[in-house]
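Novice:
Number of protein chains: 2
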Amino acid sequence: TLQTPYYLLDKSVLLRNLEKISYLRQTSGVKCVLALKAFATWSVFDLMAEHMDGTTSSSLYEVKLGREKFGGETHAYSVAWADHEIDEAIAACDKIIFNSVSQFERYAQKAEAQNKKIGLRLNPGISHSHFLLADPARPFSRLGEWDMDRVTPVLDRISGVMFHFNCENDEYESLDTLLKAIEERYGEILHKLEWVSLGGGIRFTNENYPIDTLAKRLKDMSERYGIQLYLEPGEASVTKSTTLEVTVLDTVFNGKNVAIVDSSTEAHMLDLLTYSEYTSVAPNTGPHTYIVCGKTCLAGDIFGEFQFEHELKAGDRIAFLDAGGYTMVKKNWFNGVQMPSIAVRHLDGQVELVKEFTFEDYAQSLS
Amino acid sequence: TLQTPYYLLDKSVLLRNLEKISYLRQTSGVKCVLALKAFATWSVFDLMAEHMDGTTSSSLYEVKLGREKFGGETHAYSVAWADHEIDEAIAACDKIIFNSVSQFERYAQKAEAQNKKIGLRLNPGISHSHFLLADPARPFSRLGEWDMDRVTPVLDRISGVMFHFNCENDEYESLDTLLKAIEERYGEILHKLEWVSLGGGIRFTNENYPIDTLAKRLKDMSERYGIQLYLEPGEASVTKSTTLEVTVLDTVFNGKNVAIVDSSTEAHMLDLLTYSEYTSVAPNTGPHTYIVCGKTCLAGDIFGEFQFEHELKAGDRIAFLDAGGYTMVKKNWFNGVQMPSIAVRHLDGQVELVKEFTFEDYAQSLS
Chain P
18 TLQTPYYLLD KSVLLRNLEK ISYLRQTSGV KCVLALKAFA TWSVFDLMAE
68 HMDGTTSSSL YEVKLGREKF GGETHAYSVA WADHEIDEAI AACDKIIFNS
118 VSQFERYAQK AEAQNKKIGL RLNPGISHSH FLLADPARPF SRLGEWDMDR
168 VTPVLDRISG VMFHFNCEND EYESLDTLLK AIEERYGEIL HKLEWVSLGG
218 GIRFTNENYP IDTLAKRLKD MSERYGIQLY LEPGEASVTK STTLEVTVLD
268 TVFNGKNVAI VDSSTEAHML DLLTYSEYTS VAPNTGPHTY IVCGKTCLAG
318 DIFGEFQFEH ELKAGDRIAF LDAGGYTMVK KNWFNGVQMP SIAVRHLDGQ
368 VELVKEFTFE DYAQSLS
Chain E
18 TLQTPYYLLD KSVLLRNLEK ISYLRQTSGV KCVLALKAFA TWSVFDLMAE
68 HMDGTTSSSL YEVKLGREKF GGETHAYSVA WADHEIDEAI AACDKIIFNS
118 VSQFERYAQK AEAQNKKIGL RLNPGISHSH FLLADPARPF SRLGEWDMDR
168 VTPVLDRISG VMFHFNCEND EYESLDTLLK AIEERYGEIL HKLEWVSLGG
218 GIRFTNENYP IDTLAKRLKD MSERYGIQLY LEPGEASVTK STTLEVTVLD
268 TVFNGKNVAI VDSSTEAHML DLLTYSEYTS VAPNTGPHTY IVCGKTCLAG
318 DIFGEFQFEH ELKAGDRIAF LDAGGYTMVK KNWFNGVQMP SIAVRHLDGQ
368 VELVKEFTFE DYAQSLS
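Chains as they are written, first to last, in full-length UniProt numbering: chain P, 18 to 384; chain E, 18 to 384.
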């Protein structure tokens, strides 16, 4: 058995998501590129690449990782490119998507010289997001061009646009309403484009999501404007595929029962801290209630309050569910807490340890 | 000139803090151990070790780093130790401080067998903290023993206790009030102990902090109970010593002027995101107002809204102040954004690049 903590990625669950992605691609004609910002554990990219068209990125390093480890179409997007990285980004990508007209003006000629397709991110000023922090249409958002007077003059030099306007959107009706507004506002220019990316944040791999309705909607939209549509699933690609496996190290009672485990929200599942959310466990039933906490110095390092069938004691194992998206990509060495290993359960059931972190890795993260 | 982003640690400012720490040690008799959870950039440990007594820790890896790179007294504290790491922690430390009586009961015998001093963390149920998230006395806190009925039976096997009850406390009166309450509640047991750590979070290196008053207060307390007092400065050791040096990559106007720089709050100054705070710049004057944002996909990746003398343009440099504590220890690869290098300005003014991070480091952070 492996030493906790470790992320355990179950390829059979991953495959279920990927098969839904394939189904959507086949029935709608949409292309799906993995958003590496959510998930970049490249040891399973071979399986993912069989069901997805490529990757999209938020930085030069993600562009390079996508090109080297995933293949297929490599979309290079970044909120802002730097002079010293733009050549490498253009060389490694198939399309480059600029966040602003000023970035376009600074670098488009270099992309044209390499015959790379060029896109521009537009901000439609509308969105579906549960958090202001993550809302791309928040006031004064820097994410994409809002002003069509600035966009129109460069339209003939771009082949497509990207809208990213959903965060954890699991409501088809909401997506449909937003799409209608986008079509109404941008319909005229969509006709002139080759491709449009609708970004990520659409939870179409969830159970009960009306995937056929989505497929038809996207197919109709593609045909209406004569465009190749893209989606950029990140979390949706890996949802429910990964657990964070931890061990109880101590239990204390301070008015409530508290169990302390060998992990940390801030270091290993950062979004729980950022968005003040709890993770989940299964079955989460039984008469024993515990606040399950991490082992960092942070007073609020809390994974959640859960039910257990038995009293917890040191040595007991807990699996935190749905730890695939936005976890491994932002893990860090806070408090010097052991960084979780990464393990993969292959389709034949065999578990393979694919990554371990050592004291030397911790020491070398500083200087 | 170095490629941004990079943390720039100015040893001459660091030395100013260290000299205050030395002054406090000399005038009060208190010992000061560096809290590695806040700052663990070991390339300046040689200078720090001249002015501090050693280190304290939150994990096995911090214990080892303190022992190997800093020397002096090595305090081993962790919210919870694991069976597989306890022997190594005990071997590497001078004192081991348990967070609960149950951890004490599980491991004390091992420490006794190695003749290591043993301490226990007590939670006095009072604190100075601006944030519930960081408040060690928050309801149901797992940080330290609350129940003296559990502590009393093991008192004869410990030589000291640790209280950590301050977070960013720059008010001497508040500290004094809390100390009085602690002395009142625990006075009887303090007499029986060899040492007491008052933890970290006291900002006594700030300008205008009444350091002589603090020194006298601590000296009196030591003498009253016949104990060696410890403080555990983390942030206080490095305050104002470090900037995060960044470059403007793009400017956009969406109702306000926004400048996008080659860094990220979440990835490089995480506490700004966690505590919804802005960093600072100097002089922060002039007629031009900009929201300064990072380059990640996160809509709320905002360093602050600042004043500038001139319009900002791509290529301009900005230095974010006070980026030493709780930054480098929690930096991460979110979005694959270039991790800042670490540079040190030596006392002779020479700037040395002590750490760079590469694409290979990014790729190897995953698997």
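Think of the CB as a built atom: it goes at the ideal place given N, C-alpha and C, for glycine as much as any other residue.
What is the C-beta distance between Leu-41(E) and Ile-228(E), in whole angstroms, given that I count them as a contact (C-beta under 8 Å)?
Specialist: On the second sequence, position 24 is the one that residue 41(E) refers to. On the second sequence, position 211 is the one that residue 228(E) refers to. Rounded, the Cβ-Cβ distance is 6 Å, consistent with contact.
Novice: For Tyr-307(E), which residues does DSSP report across the bridge?
Specialist: Walking along the second sequence from the start, residue 307(E) turns up at place 290. Beta-bridge pairing links Tyr-307(E) to Phe-323(E).
Novice: What are the residues in the segment 81-108 of chain E lying within 9 Å of chain P by C-beta distance?
Specialist: Correct list: Lys-81, Leu-82, Glu-85, Lys-86, Tyr-94, Ser-95, Val-96, Ala-97, Trp-98, Ala-99, Asp-100, His-101 and Glu-102.
Novice: Val-263(P) and Val-278(P) look like a contact to me (Cβ under 8 Å); what is the Cβ gap, rounded to whole Å?
Specialist: To locate residue 263(P), count along the first sequence from 1; it is residue 246. To locate residue 278(P), count along the first sequence from 1; it is residue 261. So it is a contact: roughly 4 Å between Cβ atoms.
Novice: Does the CB of Asn-225(P) have a neighbour CB from chain E at under 7 Å?
Specialist: As a first step, residue 225(P) must be located in the first sequence, where it is residue number 208. Not one chain E Cβ lies under 7 Å of Asn-225(P).
Novice: Look at the Cβ atom of Gly-46(P), then the Cβ atom of Lys-197(P), and state whether they are nearer than 7 Å.
Specialist: Numbered from 1 along the first sequence, position 29 holds the residue referred to as residue 46(P). Numbered from 1 along the first sequence, position 180 holds the residue referred to as residue 197(P). No, the pair does not count as a contact, with Cβ atoms beyond the cut-off.
Novice: Scan the segment 159-180 of chain E for residues whose Cβ lies nearer than 7 Å to a Cβ of chain P and list them as they occur along the chain.
Specialist: For the segment 159-180 of chain E, which is checked against every Cβ of chain P, the residues closer than 7 Å are Arg-159, Leu-160 and Trp-163.
Novice: Does DSSP put Leu-137(P) in a helix, a strand or coil?
Specialist: To locate residue 137(P), count along the first sequence from 1; it is residue 120. Looking at Leu-137(P) - three-state DSSP - the assignment turns out to be strand.
Novice: Buried or exposed, going by whether 16 or more other CB atoms sit within 10 Å of the CB of Lys-37(E)?
Specialist: If you number the second sequence from 1, residue 37(E) lands on position 20. Per the 10 Å Cβ criterion, buried.
Novice: Check distances from the C-beta atoms of the segment 342-358 of chain E to those of chain P and list, in chain order, the residues that come in under 8 Å.
Specialist: Against chain P - using a Cβ distance shorter than 8 Å - the residues of the segment 342-358 of chain E are Met-345, Val-346, Lys-347, Lys-348, Asn-349, Trp-350, Phe-351, Asn-352, Gly-353, Val-354 and Gln-355.
Novice: How far does the beta strand (DSSP E) with Asp-27(E) in it extend, from its first residue to its last?
Specialist: Numbered from 1 along the second sequence, position 10 holds the residue referred to as residue 27(E). Note, Asp-27(E): beta strand (DSSP E), 23-27.
Novice: In angstroms with no decimal places, state the Cα-to-Cα distance between Pro-304(E) and Ile-335(E).
Specialist: As a working note, residue 304(E) is residue 287 in the second sequence. As a working note, residue 335(E) is residue 318 in the second sequence. Approximately 16 Å, taken between the alpha carbons.
Novice: Where DSSP assigns a beta bridge to Phe-337(E), which residues make up the other side?
Specialist: Against the second sequence, residue 337(E) aligns to sequence position 320. Answer by DSSP bridge pairing, in chain order: Leu-261(E).
Novice: In terms of residue numbering, what span does the alpha helix (DSSP H) encompassing Lys-127(E) cover?
Specialist: Reading the second sequence from its first residue, position 110 is the one you call residue 127(E). Lys-127(E) -> alpha helix (DSSP H) spans 118-130.
Novice: Looking at Ser-75(E) and Asn-352(P), is the spacing between their C-beta atoms short of 7 Å?
Specialist: Looking up residue 352(P) in the first sequence gives position 335. Looking up residue 75(E) in the second sequence gives position 58. It is a contact, given that the beta carbons lie within the stated cut-off.
Novice: Going by C-alpha to C-alpha distance, which of Glu-79(E), Asp-152(E) and Ala-380(E) sits closest to Leu-315(P)?
Specialist: Taking the first sequence and counting its residues from 1, one reaches residue 315(P) at position 298. Among Glu-79(E), Asp-152(E) and Ala-380(E), the Cα nearest to that of Leu-315(P) belongs to Asp-152(E).
Novice: Taking 8 Å as the threshold, find out whether the segment 339-356 of chain E comes into contact with the segment 340-352 of chain P through three or more Cβ pairs.
Specialist: As far as the Cβ criterion goes, the segment 339-356 of chain E touches the segment 340-352 of chain P, which means the pair count is three or higher.
Novice: Is it true that the CB of Glu-252(E) sits closer than 7 Å to the CB of Gly-342(E)?
Specialist: As a first step, residue 342(E) is located in the second sequence; it is residue number 325 there, counting from the start. As a first step, residue 252(E) is located in the second sequence; it is residue number 235 there, counting from the start. Yes, the Cβ-Cβ distance between Gly-342(E) and Glu-252(E) is below 7 Å.
Novice: Rounded to the nearest angstrom, what separates Arg-159(E) and Gly-142(E) at their Cα positions?
Specialist: By one-based count along the second sequence, residue 159(E) stands at place 142. By one-based count along the second sequence, residue 142(E) stands at place 125. Taking the straight line joining both Cα atoms gives about 11 Å.
Novice: Just verifying my parser: in three-state terms, what is the DSSP assignment at Lys-112(E)?
Specialist: Start at 1 with the first residue of the second sequence, and residue 112(E) comes out as number 95. Lys-112(E) falls in the strand class under three-state DSSP.
Novice: Counting only Cβ pairs nearer than 8 Å, list the residues of chain P close to Pro-141(E).
Specialist: Along the second sequence, one-based indexing puts residue 141(E) at 124. Those within 8 Å of Pro-141(E) in chain P number zero; the least Cβ separation is about 13 Å.
Novice: Following the continuous beta strand (DSSP E) through Val-361(E), name the residue where it begins and the one where it ends.
Specialist: For the purposes of this step, residue 361(E) is identified with residue 344 of the second sequence, where counting begins at 1. Taken as a continuous stretch (DSSP letters only), the beta strand (DSSP E) holding Val-361(E) covers 358-362.
Novice: Roughly how many angstroms separate the alpha carbons of Lys-257(E) and Leu-31(P), rounded to a whole number?
Specialist: For the purposes of this step, residue 257(E) is taken as the residue at position 240 of the second sequence. For the purposes of this step, residue 31(P) is taken as the residue at position 14 of the first sequence. For Lys-257(E) and Leu-31(P), the distance between alpha carbons rounds to 46 Å.
Novice: Could you give the uninterrupted runs of the beta strand (DSSP E) lying entirely in the segment 144-208 of chain P, keeping only those of 3 residues or more?
Specialist: List check, beta strand (DSSP E) in window: 177-179.
Novice: Buried or exposed for Gln-355(P), going by 16 or more other Cβ atoms inside 10 Å?
Specialist: Along the first sequence, read from residue 1 onward, the residue named residue 355(P) stands at position 338. Under this definition Gln-355(P) is a buried residue.
Novice: Since Ile-219(P) sits in a beta bridge, which residues does DSSP pair it with?
Specialist: In the first sequence, residue 219(P) corresponds to position 202, counting from 1. DSSP output for Ile-219(P) lists Asn-186(P) as bridge partner(s).
Novice: Checking contacts by CB at 7 Å: is Leu-266(P) closer than that to chain E?
Specialist: Stepping through the first sequence from its first residue, residue 266(P) is reached at position 249. Yes, contact with chain E.
Novice: Within the 7 Å Cβ cut-off, does Gly-317(E) reach chain P?
Specialist: For the purposes of this step, residue 317(E) is taken as the residue at position 300 of the second sequence. Yes, contact with chain P.
Novice: Measuring CB to CB, does Val-80(E) end up less than 7 Å from Ala-106(E)?
Specialist: In the second sequence, the residue the question calls residue 80(E) occupies position 63. In the second sequence, the residue the question calls residue 106(E) occupies position 89. Against a cut-off of 7 Å, the Cβ pair of Ala-106(E) and Val-80(E) comes out as a contact.
Novice: Could you name the residues of chain E that Ala-152(P) contacts, counting a contact when the two beta carbons are closer than 9 Å?
Specialist: Mapped onto the first sequence, residue 152(P) falls at position 135. It is Asp, not Ala, that sits at residue 152(P) in the sequence shown. Correct list: Ala-316 and Gly-317.
Novice: Out of Phe-115(E), Leu-210(E) and Glu-185(E), state which residue places its alpha-carbon closest to the alpha-carbon of Leu-149(E).
Specialist: Your numbering for residue 149(E) matches position 132 in the second sequence. The shortest Cα separation from Leu-149(E) among Phe-115(E), Leu-210(E) and Glu-185(E) belongs to Glu-185(E).
Novice: Going along the chain, which residues of its own chain have a beta-carbon closer than 6 Å to the beta-carbon of Glu-373(E), five neighbours each way excluded?
Specialist: For the purposes of this step, residue 373(E) is identified with residue 356 of the second sequence, where counting begins at 1. Once the five neighbours on either side are set aside, the close Cβ partners of Glu-373(E) are Ser-358.
Novice: Who are the neighbours of Leu-31(P) on chain E, taking C-beta pairs under 9 Å?
Specialist: Position 14 of the first sequence, counting from 1, holds the residue named residue 31(P). Within 9 Å Cβ-Cβ: nothing; Leu-31(P) doesn't reach chain E, min ~15 Å.
Novice: Could you tell me if Asp-63(E) is buried or exposed, where buried requires 16 or more neighbouring beta carbons within 10 angstroms of its beta carbon?
Specialist: Translated into the one-based positions of the second sequence, residue 63(E) becomes position 46. When all chains shown are included, Asp-63(E) counts as exposed.
Novice: Which residues of chain P have a Cβ atom closer than 7 Å to the Cβ of Gly-71(E), listed in chain order?
Specialist: Here the question's residue 71(E) lines up with position 54 in the second sequence. Within chain P, no residue comes near Gly-71(E); the closest Cβ sits about 16 Å away, beyond 7 Å.
Novice: Got a sec: is the Cβ-Cβ distance from Tyr-78(P) to anything in chain E below 7 Å?
Specialist: The sequence position of residue 78(P) within the first sequence is 61, counting from 1. Yes, contact with chain E.
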